[in-house]
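Trainee: Pasting a structure below so you can have a look.
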Amino acid sequence: RAAPEEAPEREIVLPGATAAGAAGGKKPMIMELSSVDTGSKGHTPQHTLTRGGSGADAHYTLTVQFPEVASAADIDLEASATRVVLDAGVAGGRLEVSLEQAIDDLALKAKFNKKKRTLTVSLPIKS
415 RAAPEEAPER EIVLPGATAA GAAGGKKPMI MELSSVDTGS KGHTPQHTLT
465 RGGSGADAHY TLTVQFPEVA SAADIDLEAS ATRVVLDAGV AGGRLEVSLE
515 QAIDDLALKA KFNKKKRTLT VSLPIKS
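Reading the sequence shown from the start, the letters are residues 415 to 541 in our numbering.
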């Protein structure tokens, strides 16, 4: 992620105010600074959640497409018994999935396919 370019600072002098370079050396009342809109993590990546297996082999499979993400290192994954959160920043988006059945969050497995830019998460359901 590249650092944003900084625009030069510009002085805005209001009537009756003194410019920075004027006699007396007073600073302007208002100084305009550049700002960068970092965007929002509001978009949700395309995904599917399926349930498979039965009994001790029951599991959910969560497949998420991250077309703007090049590496698994760019994705944060958090899981609890009934919720999975994936956050890939501004470019990749954020996904929160609530699960109907509790999972074993310590036994989940995740694999990122660089070619397809897809993350597949296997979530074993507690029996």
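Beta carbons are placed, not taken as given, at the ideal position from N, Cα and C, and that holds for glycine.
From the DSSP output, which residues share a beta bridge with Val498?
Mentor: Within the sequence shown, numbered from 1, the residue matching residue 498 stands at position 84. DSSP output for Val498 lists Ala493 and Val511 as bridge partner(s).
Trainee: Tell me, to the nearest whole angstrom, how far the beta carbon of Val511 is from that of Leu476; I am working on the premise that it is less than 8 Å.
Mentor: Residue numbering aside, residue 511 sits at position 97 when the sequence shown is read from its first letter. Residue numbering aside, residue 476 sits at position 62 when the sequence shown is read from its first letter. Indeed they touch by this definition, with Cβ atoms about 6 Å apart.
Trainee: DSSP three-state call for Val504: helix, strand or coil?
Mentor: In the sequence shown, the residue the question calls residue 504 occupies position 90. Helix.
Trainee: State yes or no: is the C-beta of Thr464 within less than 8 Å of the C-beta of Tyr474?
Mentor: Position 50 of the sequence shown, counted from the start, is the residue given in the question as residue 464. Position 60 of the sequence shown, counted from the start, is the residue given in the question as residue 474. The answer is yes: Cβ separation under 8 Å.
Trainee: Quick check on the burial criterion: 16 or more other C-beta atoms within 10 angstroms. Buried or exposed for Val478?
Mentor: What you label residue 478 is simply residue 64 of the sequence shown in a count that begins at 1. Answer is buried; the Cβ neighbour count reaches 16.
Trainee: What separation, rounded to the nearest whole angstrom, lies between the Cα atoms of Lys529 and Thr462?
Mentor: The residue labelled residue 529 in the question sits at position 115 within the sequence shown. The residue labelled residue 462 in the question sits at position 48 within the sequence shown. Taking the straight line from one Cα to the other gives about 18 Å.
Trainee: Could you work out which residue in Ala505, Phe480, Ser468 and Gly467 is closest to Lys525 when comparing CA atoms only?
Mentor: Indexing the sequence shown from 1 puts residue 525 at position 111. Selected option, being the one with the closest Cα: Phe480.
Trainee: Between the Cα of Leu520 and the Cα atoms of Arg508, Asn527 and Leu491, which residue gives the shortest distance?
Mentor: On the sequence shown, residue 520 is found 106 positions in, with the first residue counted as 1. Minimum Cα distance to Leu520 is reached at Leu491.
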